[in-house]
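**Q**
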Amino acid sequence: MSSGLYWNTVIGILKESLFLLLSNPQFAEFRLVGGTSLSLQIGHRLSVDIDLFSDLPYGTIDFEQIYQFLNRNFPYVSPPTKAPIGFGKSYLIGKDPVNSIKLDVYHTEPFLENSIEIEGIRLASIGEIAAMKMDVIQRGGRKKDFWDIHELLCKYSLEQLIELHQKKYPYIHDKELLFQNFNEFSRADDEPDPICLRGKYWELIKLDLIEAKEDFQKNNN
């Protein structure tokens, strides 16, 4: 991994917003997770939104204060929308409706690992992101999630990825469902490709993920 962050993976307004958010005490208990955190750390694809997660006890995040902070600091803030999964809210923040980015503010299960700080940005570790990406896959992955998992397979075996998910989400971990959805590409096939900085192709990514699953099953029978 580079000693710094891969800022070429995000647009300027996202970078500026990230510094503003994470430098404020309002977000002291939050860290950047998801594809943007992974892209900034390993530089594999472009990413366009901000996911800030905290493992504070459920019900203790003051979303009204967060909304007030956003309105004081951004010319445009959309009304918050409840996230479809988990406990959190989503916003569009920026200069205006056109020049804006999506911000998700969520509760999460207790973090497995400490956050890391690079260039003043507080990030989830790659292992933490891997566990969370596998959870998305268990629930039905998008193309960008499979893209990220493919990149994570350069660092972790499939067995290690499954173990990370089980460790972070012991109460909802479903190995059979996770296996089933690890190669469930029907939804992702209809989505646009992420802008990849590794020169990867979707059809080859799918083949590699199918092979990874087959190899795991052969080695564990």
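Just add 1445 to the spot in the sequence shown (first one is 1) and you have the working numbering. We treat Cβ as the ideally placed atom computed from N, Cα and C, and that holds for glycine.
(1) Exposed or buried, Gly1533, counting other C-beta atoms within 10 Å across all chains shown (16 or more means buried)?
(2) Comparing C-alpha positions only, which one of Asn1518, Leu1557, Glu1554 and His1552 sits nearest to Ile1538?
(3) Taking only the alpha-carbon atoms, compute the straight-line gap between Leu1463 and Leu1603 and give it to the nearest angstrom.
(4) For Ala1473, count neighbouring Cβ atoms within 10 angstroms of its own Cβ and tell me buried if that reaches 16, exposed if not.
(5) Return the bridge partner residues of Ser1535 from the DSSP annotation.
(6) Can you list, in chain order, the residues of its chain with a C-beta nearer than 8 Å to that of Ile1495? Leave out the 5 residues immediately preceding and following it.
(7) Tell me where the beta strand (DSSP E) around Phe1498 begins and ends.
(8) Please list, in chain order, all residues of the same chain as Tyr1512 whose beta carbon is under 7 Å from its beta carbon, the five residues on each side excluded.
(9) Where does Arg1587 sit, in a helix, a strand or coil, going by DSSP?
(10) By the 10 Å Cβ neighbour count, where 16 or more other Cβ atoms means buried, how is Tyr1536 classified, buried or exposed?
(11) Per DSSP, which one or two residues make a beta bridge with Tyr1521?
(12) Can Leu1485 and Ile1640 be called in contact, C-beta distance under 8 Å?
(13) Only counting runs of 4 or more residues, tell me where the alpha helix (DSSP H) segments fall wholly within the stretch 1597-1626, in order along the chain.
(14) Does DSSP put Glu1648 in a helix, in a strand, or in coil?
(15) Where DSSP assigns a beta bridge to Arg1567, which residues make up the other side?
**A** A quick look at the data gives this:
(1) By the neighbour-count rule (16 or more Cβ atoms within 10 Å), Gly1533 is buried.
(2) Looking only at Asn1518, Leu1557, Glu1554 and His1552, the smallest Cα-Cα distance to Ile1538 is reached by Asn1518.
(3) Roughly 31 Å between the two C-alpha positions.
(4) Its Cβ having fewer than 16 others within 10 Å, Ala1473 is exposed.
(5) Answer is Thr1526 and Asp1549.
(6) So the list reads Leu1459, Ser1462, Leu1463, Leu1466, Leu1477, Thr1481, Ile1546, Lys1547, Leu1548 and Asp1549, once near-sequence residues are dropped.
(7) Judged by DSSP secondary structure, Phe1498 falls within the beta strand (DSSP E) whose first and last residues are Asp1494 to Ser1499.
(8) Only residues of its own chain outside the window of five on either side were considered, and among them Pro1525 have a CB closer than 7 Å to the CB of Tyr1512, listed in chain order.
(9) Here Arg1587 sits in coil by DSSP.
(10) Buried is the call here.
(11) Gly1539, per the DSSP bridge assignment.
(12) Against a cut-off of 8 Å, the Cβ pair of Ile1640 and Leu1485 comes out as no contact.
(13) If we require 4 residues or more, the alpha helix (DSSP H) runs fully inside the stretch 1597-1626 come out as 1603-1613.
(14) In the three-state reduction of the DSSP assignment, Glu1648 falls in the helix class, which pools H, G and I.
(15) Answer by DSSP bridge pairing, in chain order: Glu1562.
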